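*Asks:*
Residue numbers (our numbering), protein chains in the order written: chain A, 6 to 424; chain B, 6 to 424.
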C-alpha cells in the first residue's frame with residue numbers, strides 16, 4: 006500500500022474537526038505497520054486540497070499487477086483484468102514480459118536505423134519520427150504464452166486462479182506513431198523484400214523476423230501510449246506495433262530494422278515462440294493471436310453474495326479482426342446464448358461483452374466463446390489441445406470455464422471440462 | 006521533476022560498468038539540486054530491472070497539468086493537450102475544476118440516494134451499483150468555461166498561450182458505470198418527472214438541475230475511468246456522466262439524485278454557468294458543448310525547425326454527436342481544405358485530425374474548423390461573439406487561429422482575427 010497525502014491537516018483543523026494526529030496525513034498505522042486510508046465522516050464539512058499538477062489514485066485504491074515470487078529480469082507481470090472495466094488498460098497496469106529487464110534509454114540520443122534491401126539506409130531521431138504523418142490505433146497486445154496455465158502442463162490445471170493471473174499478459178492501449186509503410190517509402194525498400202528484422206535495444210537484443218505483408222499492412226513504430234510517451238516497460242522511447250500479433254514480435258526499445266528477402270532465424274524465434282505439434286512437426290512464425298474471450302466478472306475470487314440478477318462480464322478479442330459475436334453457456338457448453346457487445350467494437354481490440362441471468366443458488370459451469378469477423382471461433386479445451394498439440398503451450402486460447410458453487414464461491418473449471 | 010529509481014546499482018556493477026555513485030540511483034544532482042535522468046551509453050550491456058507491479062514513467066518524461074500560480078481549492082488545472090497524442094487522456098493528466106477542493110470519501114461507507122418523485126426512494130452502496138448492468142462510453146468532458154481567454158476579456162487576447170493553457174479544461178476518458186435510466190426503473194421514477202437534481206459530496210455541495218430528457222437518454226453514474234476506479238479529482242467513488250454536456254453538470258462525488266417536476270435553481274446555476282446575451286437577456290441551462298476544434302501541433306510554443314513537410318494535428322469534438330468533418334485554412338480563413346480524420350470517430354468524443362502541407366518559410370495564419378453530424382459548424386471569433394454576446398465567456402468555441410512567423414515561431418493569433 007502506497008503512502009498518500011490524504012488531507013491537509015490545516016484544512017481539517019480550520020474546519021473545526023479534531024482527530025488524533027495519527028489519523029491525519031499519512032493515515033493511522035495499521036496492524037502490520039501499513040498506513041490505513043482515512044476519510045472524514047462528512048466530506049462536505051472539510052475544504053479539500055486544490056487542483057493538482059498530477060493526479061493520484063484514491064488511497065482506498067491500490068491496484069497492482071500480479072508478480073510471481075522471485076520474478077527475474079526475464080519474467081512477467083500480469084494485468085489484473087478482474088478489477089478493470091471497459092477496454093483501456095491504465096499504462097502503469099499494462100502487462101510486462103521482458104527477456105533481460107527494462108533498459109533506460111535517453112530519448113535525446115535515441116536513433117532508429119533502417120537498412121538492408123533499401124535504396125537509402127537511414128537513421129531517424131525521435132524528433133524525425135514525430136515529423137512524419139502520425140496515426141493512432143486502439144488495440145491489444147497479448148503475450149504468445151498468455152494463459153499457458155490453461156493447458157495440460159505437468160503441474161496440472163489450477164482452480165484458484167484469477168482471470169488476471171491466468172490471462173493477464175493481455176492489455177489494451179491507444180498507440181500513436183508512424184506507419185512502417187511510410188518509413189519504408191522514405192528509405193526506398195526493395196520490391197524483393199519479403200522479411201524485416203526488428204531488433205531491440207535491451208540487454209537481450211531481442212530480435213524477430215516479420216513478414217513484409219504485415220509490415221506493409223498495419224505495422225507501426227509507436228512513440229505514444231494512451232496519449233503520453235510510451236512507458237519504459239513498453240519500449241520507451243519506441244516500439245514496434247503489429248496489431249493482433251503475438252506480443253514479443255512487437256519489439257520494444259526498437260533500434261534497428263533490417264529489410265531482407267529471408268527470415269533471420271533469431272534465437273528468440275527458434276528457442277522460443279515456436280509451437281511443437283502433435284505429429285512431431287514444429288510450427289514457426291505463428292504470429293496471429295486466435296479469437297479468445299475471458300469472463301472477468303463472476304470468476305475466481307468473486308463470491309456471489311445473494312440470489313437474483315447477476316451480470317457475466319468479460320472481454321473478447323481476436324488477432325483476425327473485429328469480434329463478431331460472443332456466446333455464453335450457463336451449463337458447461339451444452340447450450341449457448343448471445344451476449345451483448347459494448348460499442349465501440351474495434352479491429353484487433355478488446356470488446357466488452359455482458360450477459361445477465363438469474364442465479365438461484367444452483368451449481369453452474371459458465372463459459373464464454375468468441376467468434377471474429379473471419380468466422381473463426383474459440384475452441385474448447387479438447388479441440389484446442391488436438392489442434393495445437395500437447396507439446397506447446399503458446400497461443401492457448403481455449404474456452405475458459407468457471408464453476409459457480411452452490412455456496413456462491415467460484416473456481417476455474419478447466420479440470421472439469423478437460424476430464 | 007520526480008525522483009525515480011533508474012538502475013539497480015548492483016546490476017550495473019555486475020555488468021562491469023563503473024560510474025560515480027552520484028550518477029546512479031536517483032541520478033546526478035543538477036545545477037538546481039534536481040535529479041537529472043541518467044541512461045547508460047549502451048543499454049544492451051546492462052541487465053535492466055525486472056517487471057514491476059506498477060509501472061512508472063520514464064525519468065525523461067515529466068508531464069504535468071498547468072496550474073496558475075496561487076490556484077485555490079476553487080480552481081482549475083489544465084490538461085497539457087499539446088504534448089498528448091490520440092484521444093485518451095491519462096487519468097492523472099485529466100483536467101480538474103473544483104468548487105471547494107477534492108474531498109476524501111471512503112468507498113465502504115459511500116451511498117447514493119435517489120428520492121423525490123419516485124415510488125421507492127432508495128440508497129445504493131457502491132457494490133449495489135456494480136451489480137447493475139454495466140455500460141462504458143469513451144467521451145469527453147469539457148468545462149463550460151474552457152477557452153474563455155479566447156474571448157474579449159478585459160485583460161486582452163494572449164499571444165503566448167499553449168493549446169493546453171487555452172483549452173485544456175478538456176479531457177477524454179473511457180467511463181464505466183450504470184445507465185441512469187436503469188436506476189430510475191429500479192426506484193420507479195414518476196412519469197411527471199421533468200428535472201433531476203444532482204448533488205455532490207464535496208464542501209461546495211455542488212448542485213445542478215438536469216432535464217429528464219438527458220437523464221433518460223445517455224446519462225450514467227460512473228465508478229470507473231480508463232479501466233480503473235475513478236480518480237479522486239474526478240469524483241471518486243462516483244460521478245454523474247452527461248456525455249457532451251458542460252463539465253460542472255457532470256457532478257462529481259455524487260451522493261444524491263432528487264427527481265422533480267421543476268428545476269432547482271441552485272446557487273451554481275444562477276451565480277455561474279448562465280450566459281449573458283448581447284440584448285441583456287440571460288440564457289440558462291446551456292448544457293450542450295458546441296462543435297470545436299483545436300490545433301495542438303504547429304501551435305505555441307512549437308518552433309518550425311526547417312522548411313518542408315509539416316503535419317497540422319489536433320482534436321475536434323462536439324456535444325451534438327460525432328464529428329463529421331474538420332477543415333483547415335492555411336490563409337487566415339479565406340480558403341479551406343478537408344483534414345483527414347483518425348478512426349475511431351466516436352459520439353461526443355475527441356476525434357484526431359491531420360493535414361500535411363509544405364512550409365517554405367512564409368508567414369501563415371492556420372486554423373481548424375469542426376462540423377458535427379448535426380451540421381453545426383464552429384464559428385469564427387466575430388460570429389461567435391455576435392452569437393453569444395460580449396457579457397459571457399462560457400462556451401467559447403470560436404475558431405482558434407495560430408500564426409506561423411517567417412522565423413518559424415508560432416503565436417496564438419486571435420488578436421489578428423478579432424481586429
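Each residue gets a CB set at the ideal place from its N, CA and C atoms; glycine is no exception. Remember, it's a predicted structure, so these values are computed and weren't measured experimentally.
Going by the CB atoms, is the gap between residue 111 of chain B and residue 211 of chain B shorter than 8 Å?
*Replies:* No.
*Asks:* If you compare alpha carbons, which of A/183, A/258 and A/191 is closest to residue 226 of chain A?
*Replies:* Ranking A/183, A/258 and A/191 by Cα distance to residue 226 of chain A puts A/183 first.
*Asks:* Name the chain B residues that come within less than 9 Å of residue 152 of chain A, Cβ to Cβ?
*Replies:* Within 9 Å Cβ-Cβ: nothing; residue 152 of chain A doesn't reach chain B, min ~17 Å.
*Asks:* Going along the chain, which residues of the stretch 170-183 of chain A sit with their C-beta nearer than 9 Å to a C-beta in chain B?
*Replies:* Result list: 177, 178, 179, 180, 181 and 182.
*Asks:* Measure the beta-carbon distance from residue 57 of chain A to residue 122 of chain A and round it to whole angstroms, keeping in mind my assumption that it falls under 8 Å.
*Replies:* Not confirmed; about 51 Å, so no contact.
*Asks:* Under 8 Å between the Cβ atoms of residue 289 of chain A and residue 396 of chain A?
*Replies:* Taking 8 Å as the Cβ cut-off, residue 289 of chain A and residue 396 of chain A do not qualify as a contacting pair.
*Asks:* Kindly say whether residue 80 of chain A, judged by its beta-carbon, lies nearer than 8 Å to any beta-carbon of chain B.
*Replies:* Interface residue, yes.
*Asks:* Alpha carbons only, please: which of A/131, A/368, A/423 and A/200 is nearest the one belonging to residue 335 of chain A?
*Replies:* Comparing Cα positions, the closest option is A/368.
*Asks:* Where does residue 48 of chain A fall in DSSP's three states?
*Replies:* Helix.
*Asks:* Could you round the C-beta distance between residue 88 of chain B and residue 68 of chain B to whole angstroms and report it? I think they count as a contact, below 8 Å.
*Replies:* At roughly 6 Å, the Cβ-Cβ gap stays under 8 Å, so residue 88 of chain B and residue 68 of chain B are in contact.
*Asks:* Please report whether the beta-carbon of residue 222 of chain A lies at a distance below 8 Å from any beta-carbon of chain B.
*Replies:* So no, residue 222 of chain A is outside the interface.
*Asks:* Quick one: any contact between the stretch 94-114 of chain B and the stretch 169-183 of chain B, if contact means 3 or more CB pairs under 8 Å?
*Replies:* Contact holds: three or more Cβ-Cβ distances are below 8 Å.
*Asks:* Could you please give the first and the last residue of the uninterrupted alpha helix (DSSP H) stretch that includes residue 135 of chain A?
*Replies:* Unbroken alpha helix (DSSP H) run through residue 135 of chain A: 131-136.
*Asks:* Could you give the C-beta distance for residue 344 of chain A and residue 358 of chain A, rounded to a whole number, given that I count them as a contact under 8 Å?
*Replies:* At roughly 4 Å, the Cβ-Cβ gap stays under 8 Å, so residue 344 of chain A and residue 358 of chain A are in contact.
*Asks:* How would you write the range of the beta strand (DSSP E) that residue 1 of chain B sits in, first residue to last?
*Replies:* Since the first residue of chain B shown is 6 and the last is 424, residue 1 of chain B is not available in this structure.
*Asks:* Give a yes or no on whether the C-beta atoms belonging to residue 179 of chain B and residue 92 of chain A are separated by under 8 Å.
*Replies:* Closer than 8 Å, so yes.
*Asks:* Return no unless some Cβ of chain A is closer than 8 Å to the Cβ of residue 53 of chain B.
*Replies:* It does; some Cβ of chain A falls within 8 Å.
*Asks:* Name the residue from B/266, B/258 and B/169 whose alpha carbon lies nearest to the alpha carbon of residue 198 of chain B.
*Replies:* Nearest C-alpha to residue 198 of chain B: B/266.
*Asks:* Is there a Cβ from chain B that is less than 8 Å from the Cβ of residue 429 of chain A?
*Replies:* Here chain A has residues from 6 to 424 only, and residue 429 of chain A is not among them.
*Asks:* Counting only the same chain and skipping the five closest in sequence on each side, list residues whose C-beta sits under 7 Å from that of residue 7 of chain B.
*Replies:* A caution first: residue 7 of chain B carries a pLDDT of 33, below 50, which makes its placement in the model too unreliable to give a value.
*Asks:* Can we say the stretch 118-136 of chain B touches the stretch 214-223 of chain B, given the rule of at least three CB pairs closer than 8 Å?
*Replies:* Segments in contact, no.
*Asks:* What does the alpha-carbon distance come out to for the pair residue 209 of chain B and residue 268 of chain B?
*Replies:* Distance between the alpha carbons of residue 209 of chain B and residue 268 of chain B: 19 Å.
*Asks:* Below 8 Å on the Cβ atoms is my contact criterion, and I expect residue 298 of chain B with residue 418 of chain B to pass it. Report the Cβ-Cβ distance as a whole number of Å.
*Replies:* About 15 Å separates the two Cβ atoms, so there is no contact after all.
*Asks:* What in chain A is Cβ-close to residue 68 of chain B, meaning under 7 Å?
*Replies:* The answer, in chain order, is 233.
*Asks:* For a contact defined as C-beta to C-beta under 9 Å, what are the partners of residue 248 of chain B on chain A?
*Replies:* Per Cβ cutoff of 9 Å: no residues; residue 248 of chain B is ~13 Å from chain A at best.
*Asks:* Classify residue 386 of chain B as helix, strand or coil using the three-state DSSP reduction.
*Replies:* If DSSP states are grouped into helix, strand and coil, residue 386 of chain B belongs with the helices.
*Asks:* Taking 7 Å as the cut-off, is the CB of residue 322 of chain A close to at least one heavy atom of the ligand NAP?
*Replies:* Absence of the ligand NAP is noted for the structure shown, with no ligands found whatsoever.
*Asks:* Within 10 Å of its beta-carbon, does residue 240 of chain A have 16 or more other beta-carbons around it, so buried, or fewer, so exposed?
*Replies:* Residue 240 of chain A is buried by the Cβ-count criterion.
*Asks:* In whole angstroms, what separates the C-alpha of residue 251 of chain A from that of residue 140 of chain A?
*Replies:* Whole-angstrom Cα-Cα distance: 21 Å.
*Asks:* In angstroms, rounded to a whole number, what distance separates the CA positions of residue 96 of chain A and residue 60 of chain B?
*Replies:* In a straight line, the C-alpha of residue 96 of chain A is about 7 Å away from that of residue 60 of chain B.
*Asks:* Could you tell me which residues DSSP pairs with residue 342 of chain A in its beta bridges?
*Replies:* A/333.
*Asks:* Looking at residue 152 of chain B: is its Cβ nearer than 8 Å to the Cβ of residue 54 of chain A?
*Replies:* Cβ distance not < 8 Å, so residue 152 of chain B and residue 54 of chain A don't count as in contact.
*Asks:* Helix, strand or coil for residue 280 of chain B, going by three-state DSSP, please let me know.
*Replies:* Residue state, collapsed to three classes: strand.
*Asks:* What residues are listed by DSSP as bridge partners for residue 301 of chain B?
*Replies:* For residue 301 of chain B, which the question treats as bridged, DSSP gives no partner whatsoever.
*Asks:* Extract the residue ranges of the alpha helix (DSSP H) inside the stretch 190-227 of chain B, only unbroken runs of 4 or more that lie entirely within it.
*Replies:* As far as the stretch 190-227 of chain B is concerned, its whole alpha helix (DSSP H) runs of at least 4 residues are 217-222.
*Asks:* Alpha carbon to alpha carbon, how far is residue 350 of chain B from residue 203 of chain A? Give it in angstroms, no decimals.
*Replies:* Residue 203 of chain A and residue 350 of chain B: Cα-Cα distance of roughly 32 Å.
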